[in-house]
Amino acid sequence: MNDQAANLRRHFDKTAKSNRTKTISIISGKGGVGKSNIALNFSLELIKNDKKVLLFDLDVGMGNIDILLGLHAKRTIIDMFQEQISIHDIIETGPNGLSYIAGGSGLNHFFTMNSREQAYFFEQYYSLMKLYDYIIFDIGAGATADSLFFVLASNECIVVTTPEPTSITDAYGMIKHVLHEQPDMPIRVIMNRSISQMDGTKSLERLQQVVFRFLQIEIEMMGIIPDDANVSHAVRRQVPFVLLNDKTAVSKAMKQLTINYLSGANSGNKITPVSFVQRLKQLLTARGNG
Ligand SMILES: Nc1ncnc2c1ncn2[C@@H]1O[C@H](COP(=O)(O)OP(=O)(O)OP(=O)(O)O)[C@@H](O)[C@H]1O
Ligand SMILES: [Mg+2]
Numbered sequence: 000m001n002d003q004a005a006n007l008r009r010h011f012d013k014t015a016k017s018n019r020t021k022t023i024s025i026i027s028g029k030g031g032v033g034k035s036n037i038a039l040n041f042s043l044e045l046i047k048n049d050k051k052v053l054l055f056d057l058d059v060g061m062g063n064i065d066i067l068l069g070l071h072a073k074r075t076i077i078d079m080f081q082e083q084i085s086i087h088d089i090i091e092t093g094p095n096g097l098s099y100i101a102g103g104s105g106l107n108h109f110f111t112m113n114s115r116e117q118a119y120f121f122e123q124y125y126s127l128m129k130l131y132d133y134i135i136f137d138i139g140a141g142a143t144a145d146s147l148f149f150v151l152a153s154n155e156c157i158v159v160t161t162p163e164p165t166s167i168t169d170a171y172g173m174i175k176h177v178l179h180e181q182p183d184m185p186i187r188v189i190m191n192r193s194i195s196q197m198d199g200t201k202s203l204e205r206l207q208q209v210v211f212r213f214l215q216i217e218i219e220m221m222g223i224i225p226d227d228a229n230v231s232h233a234v235r236r237q238v239p240f241v242l243l244n245d246k247t248a249v250s251k252a253m254k255q256l257t258i259n260y261l262s263g264a265n266s267g268n269k270i271t272p273v274s275f276v277q278r279l280k281q282l283l284t285a286r287g288n289g
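Numbering-wise (numbering that gives the first Met the number 0), the sequence shown opens with residue 0 and increments by one.
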């Protein structure tokens, strides 16, 4: 991991330890798999569970949390540097008390900060610590080398994929890259747009097995989200789907996934399909004895 990311991670780790603010990056390999919708609706569900959440749109090209909310942010992170204003002044308020920082073009400057700007960012970032339980980064499609600093610096990553082979292959590539740079990164996977619970579970298990087999790392199954026309409907209405209707399949899945996440229900069984025997077999095969 390069120096800049290591530096950022030290800050994030320090703040996570001292103030219990957890920084989570929502990432994917392939674009358009549902990261922004999941980041937004997961944030809203965390809020429903009495957590304080800041959603930080790190999409360098075209930030879209704004669009999903049907709001228009007055300021972005660039203004914080250019006008030397406090980070609190660029935080916008969305529905249900959601705090968010809008993305947008020009964000790439943020990723090439000089040391003075970095120091200013950290000072501002620290001031958020007592206010939030979770800071969630929505990373844009095809994370650039720059936005990867933020991913690698996060306390954990949530990888979003769909069951399509191309999406799974790209998710694997992303996981491999993150783990290569940051072997102790906790990784959770959400299988979005699953046609059925069984289809989602099978796809997730396959991905877990491939990651375990080739990288010897256990990733956690975070949840399965159904393919549901209510997502597209909510996007067009510019209202987050959990707020538009909390009885739809997708809203119920998001609610359950958040409850499981908060209860740590999945942490004990990181990789269900890989039993002791399977693991032993894999190790033997790897050593050429199998
Ligand atoms: N569970 C789902 N069911 C049905 N459609 C979905 C679902 N999740 C996402 N979509 C569709 O995919 C579109 C893209 O979603 P979203 O913008 O959240 O993806 P993204 O991964 O953030 O994209 P990008 O990589 O461009 O940032 C949505 O507008 C919606 O039409
Ligand atoms: Mg997005």
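Where is the CB? At the ideal position from N, CA and C, for every residue including glycine.
The model shown is predicted, which means the values in this text are computed figures rather than measured ones.
Taking a contact to mean a Cβ-Cβ separation below 7 Å, would you say valine 32 touches asparagine 191 in this structure?
yes
Roughly how many angstroms lie between the CA atoms of aspartate 226 and valine 249, to the nearest whole one?
Spanning the two alpha carbons is a distance of roughly 7 Å.
Reducing DSSP to helix, strand and coil, say where threonine 291 ends up.
Any answer about residue 291 is impossible in this case: the structure gives the chain only from 0 up to 289.
For ligand 2, any of its heavy atoms closer than 6 Å to the Cβ of serine 42?
no
Do you know how far the Cα of alanine 152 is from the Cα of alanine 5?
7 Å
Quick one: using the 10 Å Cβ neighbour count with 16 as the cut-off for buried, is tyrosine 28 buried or exposed?
For the record, residue 28 in the displayed sequence is glycine; it is not tyrosine. Counting Cβ neighbours within 10 Å, glycine 28 comes out buried, since at least 16 surround it.
Taking the Cβ atom as the reference point for each residue, do isoleucine 218 and glutamine 207 lie within a distance shorter than 7 Å?
yes
Counting pairs of Cβ atoms below 8 Å between the stretch 208-216 and the stretch 236-248, do you hit three or more?
The stretch 208-216, when compared against the stretch 236-248, does not touch it at the 8 Å Cβ threshold.
Comparing C-alpha positions only, which one of Met221, Gly139, Pro162 and Phe41 sits nearest to leucine 57?
Gly139
Please report the Cβ distance between isoleucine 84 and serine 126, rounded to the nearest whole angstrom; I am assuming they are in contact, meaning their Cβ atoms lie under 8 Å.
The pair is not a contact, with the Cβ atoms about 12 Å apart (cut-off 8 Å).
Between the CA atoms of glutamate 163 and glycine 199 - distance to the nearest angstrom:
10 Å
For arginine 19, the residue or residues it bridges with in DSSP
Partner(s): none; arginine 19 has no beta bridge.
Pull up the DSSP beta-bridge partners for tyrosine 133, would you.
Lys21 and Val52
By Cβ distance below 8 Å, which residues in the same chain neighbour histidine 131 in space, the five residues on each side in sequence not counted?
The amino acid occupying residue 131 in the given sequence is tyrosine; histidine does not appear at that position. Once the five neighbours on either side are set aside, the close Cβ partners of tyrosine 131 are Thr20, Lys51, Val52, Leu53 and Ser98.
Hey, which residues come within less than 7 Å of ligand 2, measuring from Cβ to any heavy atom, in chain order?
Those satisfying the condition are, in chain order, Lys34, Ser35, Asp58, Asn63, Asp137, Gly139 and Ala140.
Asparagine 268 to glutamine 81, Cα distance in whole Å?
Any reading at asparagine 268 must be qualified, since the residue scores a pLDDT of 38, below 50, and its modelled position is unreliable; no value is offered.
Arginine 205 to glycine 172, Cα distance in whole Å?
Arginine 205 and glycine 172: Cα-Cα distance of roughly 14 Å.
Contact with chain B by tyrosine 125, beta-carbon distance below 7 Å:
Reference to chain B is not applicable here, since this structure consists of a single protein chain.
Relative to ligand 1, is the shortest distance from any of its heavy atoms to the C-beta of valine 230 smaller than 6 Å?
yes
CB-CB under 8 Å to asparagine 229, same chain, minus the five flanking residues each way: which ones, in chain order?
Phe240, Leu243, Asn244, Thr247, Ala248, Val249 and Ser250
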